[in-house]
Amino acid sequence: MSKKYILVVVILLALALSAGIWALSRSPASNPTQSGNSTQSSNSTQYTDSNWTFPLENEPATPLPDFLPVVAKVMPSVVSVTTEIITSDFFGHQYTETAAGSGIIIDDKGYIATNNHVVEDAQSIYVELADGRTFHANIVGADNLSDLAVIKIDAANLTYIYWGNSSLSSVGEWVLAIGNALGEGITASEGIVSRLNVSVSVEENTLYGLVQTTAAINPGNSGGPLVNMAGDVIGITSVKIVASGVEGMGYAISSNEAKPIIEDLIRYGHVTYPWLGVSVSTVTPLLATSENLSVDKGARIVEVVADGPADAAGLREGDIIIRFGDREISDVADLVQAIRSSEIGEEVEIVFVRGEDTKTTSARLVERTSS
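So that you can map any letter, position 119 of the sequence shown is 118 in numbering that gives the first Met the number 0, and since no number is skipped, the others follow by simple counting.
(1) Assuming N255 contacts G223 under a Cβ cut-off of 8 angstroms, what Cβ separation, rounded to an integer in Å, is found between them?
(2) Could you give the residue range of the beta strand (DSSP E) that holds S101?
(3) Given that a residue counts as buried once 16 or more other Cβ atoms are within 10 Å of its Cβ, and exposed if not, what is G230?
(4) Any beta carbon from chain B within less than 7 angstroms of V70's own beta carbon?
(5) Going straight from the alpha carbon of W173 to that of A312, what length do you get?
(6) Among residues of its own chain, excluding the 5 on either side of S123, which ones have a beta-carbon nearer than 8 angstroms to its beta-carbon?
(7) Going by CA-CA distance only, name the one from T281, S341, V77 and S253 that's closest to N196.
(8) Nearest-angstrom Cα distance between V294 and N227?
(9) Should the stretch 254 to 269 be regarded as contacting the stretch 149 to 168, the criterion being three or more beta carbon pairs within less than 8 angstroms?
(10) Taking only three categories from DSSP, how would you classify L23?
(11) Could you pull the start and end residues of the alpha helix (DSSP H) that H116 belongs to?
(12) What's the gap between the Cα of T113 and the Cα of L147?
(13) Looking only at its own chain, which residues have a Cβ that is under 7 angstroms from the Cβ of S72, when we skip the five neighbours before and after it?
(14) Measuring straight from C-alpha to C-alpha, what distance separates T236 and G249?
(15) Measure how close the beta-carbons of I191 and T213 come, nearest whole angstrom, since I'm counting them as under 8 angstroms.
(16) Skipping 5 residues on each side, what residues in its chain have a beta carbon closer than 6 angstroms to that of A15?
(17) Under a Cβ-count criterion, where at least 16 other Cβ atoms within 10 Å of its own Cβ denotes burial, should L128 be classed as buried or exposed?
(18) In the DSSP output, what is Y250 paired with across the bridge?
(19) Taking only three categories from DSSP, how would you classify A337?
(20) Considering only C-alpha positions, which residue in the set A98, V365, A287 and E290 is nearest to V126?
(21) For the beta strand (DSSP E) containing K108, name the first residue and the last one.
(22) Measure the alpha-carbon distance for G100 versus E355 and round it to whole angstroms.
(23) Can you name the start and end residues of the alpha helix (DSSP H) that K72 belongs to?
(24) So, with DSSP's three-state summary, where would you put G182?
(25) Once DSSP output is grouped into helix, strand and coil, what is the label at F351?
(26) In angstroms with no decimal places, state the Cα-to-Cα distance between G131 and A141.
(27) Quick test of your reading: I216 and A187, contact by CB under 8 angstroms. State the CB separation rounded to the nearest angstrom.
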């Protein structure tokens, strides 16, 4: 065989081998049942849609509210409150210290609602109106349990604010906090309602029925209004949580909680609270599990005052109150608010759990006067 044919055969053999190797490498693709990857690829395509697009929006985005008319309506009813307190230094030398707060004109006769902590221990109180006039103010009544107070100035025909219904408020609605922030004059800050019916412990007291808001609340805002977009008061700003990493957690005493207290302060100079005569703690699912309780919510009695209404009703330490009158009781806040919404002298049916048994009794509430 000539060298020429030998070369041709080698070339043909090489081409044949190449074709065979190529065919072997391609054969799994022609048989998808032999390849797991092929099966996965095939299955993943059954949910695709080559014609898919984002759904069209049916409505345009809601624009931000117009705060200007709300501020114009509310501002004339918000006042700056300045107090003077006589205090002593380390060496016993007395000096006068001033503090700033806010207030809300609630009628045309000069009554102004504010916080108890704004006017507490004040020797002198001065109120500056939106038009620049300044008046000396007197305390009508103050209540440390609710942190509310009413002061009065000798002025008439004042522009007052409308008292709203906080039970109609919703989480997410826009609100404005208006007040004498940092003692630099009346300012407004916007935010939303973050939570409703919140309880917050302040020193040795607990405030109930609060509205939580993201609206900026600073020293000096205390006693000012939290208003909705109709310009109605839904709360009196009172507390702000100040801590590293905490933002937008301010609280206002709800208008519905504040209204009867303000009425009592104006009518009687003090607040009278119905009293059951117990100390209680909240039952949680975790507590119920750890202590093998038969219910996982309610107000658990930790102390019964001797000869008080609860004692007379046969309630004992360890009993868990789950209903008070017509209200379900899930925690301490529920019970406190149920008692406060009752009348002095009223006999209230109480449903409670003792061990595994559910029992019913009744207690006649008596008066407790806040100090």
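Even glycine gets a Cβ: it sits at the ideal position worked out from N, Cα and C.
In this structure, then:
(1) Actually they are not in contact, since the Cβ atoms of N255 and G223 sit about 18 angstroms apart, beyond 8 angstroms.
(2) Q93 to I104
(3) buried
(4) Looking for chain B here will not work: only one protein chain is present.
(5) 46 angstroms
(6) T82, E83 and H135
(7) S253
(8) 39 angstroms
(9) yes
(10) In this predicted model, L23 has a pLDDT of only 40, less than 50, meaning its place in the structure is not dependable; the value taken from the coordinates is given anyway. Helix, per DSSP.
(11) N115 to V118
(12) 6 angstroms
(13) Strictly speaking, residue 72 in this sequence is Lys, with Ser absent from that position. If we look at K72 and ignore the five residues flanking it on each side, its Cβ neighbours are G230.
(14) 8 angstroms
(15) 5 angstroms
(16) Caution is warranted here: a pLDDT of 44 is assigned to A15, below 50, making its placement in the model unreliable, and no coordinate value can be reported.
(17) buried
(18) Q211 and V238
(19) helix
(20) A98
(21) Careful: K108 lies outside any beta strand (DSSP E) and carries neither H nor E.
(22) 51 angstroms
(23) L67 to V73
(24) helix
(25) strand
(26) 26 angstroms
(27) Going by Cβ atoms, the distance from I216 to A187 rounds to 12 angstroms, so no, they are not a contact pair.
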